[in-house]
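Residue numbers (the numbering used here): -5 to 334.
Beta carbons: idealized from backbone N, C-alpha and C, even for Gly.
This report refers to the structure that appears directly beneath it.
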Ligand code: SAH
């Protein structure tokens, strides 16, 4: 078992099972997440016999960083996992803190037409500990504290629901990294049954929905998932989510030149979202090897923004961080594999 996949409660149960006091779990968490040691031997307030037992029962390895690309306000990391599979994460340095965009799966089955990650079918889910490990490895390598986490790297978080939920509990734990729920963002392409399940968790994390089109016809062309769960159903569950959690939801909208960037699309989007406690995050497309898609012109992006604003829909344009370091999801891994 991976020590970084253990919730505090898992570890408490483990210690009880081996006839030890459960507060040992808090001590182990303290070593792992506050003092950030990477071997059991360093846990100096824990008896030798227990250390030996921990060594037998758990592995304590972080994903290894095989490539780092440093930009001005962004560092990009390529990791190798214990089975040699590779995933990536991007650290963005904002004025409000350092936000790590990390991966949840090796590959992705969602197959969005414009997205690099989907070029490779899902090989496997990441364990909760492999997501935690991306945070710890980045902190270790950069010397910086990660204050915010967004699940927008490779993979669809809700196609790996149980591990993602566990991951959130682990990093949110007061005894661990203590990352506040409001500093954690989960992004989904819209897997409705999982959004419903997530609603019941009543977490205070941020939910982002990759919408990218205001109608089914267009959305189904660029996002396969829409053929399974259409926009009306999606909006319905998101409204329910907002009602239950009282949280504002983000809709992501990647602006693709001549695909979804028309004024008509902007008005249609405004009509779709009117009255909801939400805002739209307009994302300038990062060109990838999907050559058929291009970034919308700056003027078009601003026009789209203005229309939403005038229609009284909350809207932001995503600041660009990653273009110079190929930060669109899946791009670093792809380019690395092409080099090999
Ligand atoms: N599977 C999840 C999270 C990963 S993708 C989801 O779909 O939400 C994170 C966001 O980046 C999504 O909104 C995705 O559509 C978008 N994205 C993918 N490729 C991109 C690119 N080349 N440029 C800009 N955004 C991209």
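{"Check": "The beta strand (DSSP E) spanning residue 80 covers which residue range?", "Outcome": "80 to 87"}
{"Check": "Take residue 83 as the anchor and find which of 135, 41, 1, 258 has the nearest alpha-carbon.", "Outcome": "135"}
{"Check": "Do you know whose CA, among 312, 221, 104, lies nearest residue 244's CA?", "Outcome": "312"}
{"Check": "Helix or strand or just coil, what does DSSP make of residue 187?", "Outcome": "helix"}
{"Check": "Suppose contacts are defined by Cβ-Cβ distances below 7 angstroms. Is residue 247 in contact with residue 193 by that definition?", "Outcome": "no"}
{"Check": "Taking only three categories from DSSP, how would you classify residue 278?", "Outcome": "strand"}
{"Check": "Counting beta carbon pairs with one atom in the region 295 to 313 and one in the region 266 to 285, are three or more of them shorter than 8 angstroms?", "Outcome": "yes"}
{"Check": "Ordered along the chain, which non-local residues of its own chain (more than five positions away) have a Cβ less than 6 angstroms from that of residue 290?", "Outcome": "249, 251, 255"}
{"Check": "According to DSSP, simplified to helix, strand and coil, what is residue 142?", "Outcome": "strand"}
{"Check": "My guess is that residue 144 and residue 95 are in contact by the Cβ rule of under 8 angstroms, so how many angstroms apart are they, rounded?", "Outcome": "5 angstroms"}
{"Check": "For residue 118, list the residues DSSP reports as bridge partners.", "Outcome": "100"}
{"Check": "Could you confirm whether any beta carbon from chain C is found closer than 7 angstroms to the beta carbon of residue 112?", "Outcome": "Among the protein chains of the structure shown there is no chain C, as only one such chain exists."}
{"Check": "Any heavy atom of the ligand SAH inside 6 angstroms of the beta-carbon of residue 277?", "Outcome": "yes"}
{"Check": "In angstroms, rounded to a whole number, what distance separates the CA positions of residue 150 and residue 279?", "Outcome": "19 angstroms"}
{"Check": "List in chain order: all unbroken alpha helix (DSSP H) runs of 4+ residues lying wholly within the region 142 to 215.", "Outcome": "155 to 166, 186 to 195"}
{"Check": "Tell me the DSSP secondary structure of residue 73 in three-state form.", "Outcome": "strand"}
{"Check": "If we count Cβ pairs, one from each stretch, closer than 8 angstroms, do we get three or more for the region 42 to 51 versus the region 71 to 83?", "Outcome": "no"}
{"Check": "Let me know the secondary structure DSSP gives residue 283 once reduced to three states.", "Outcome": "coil"}
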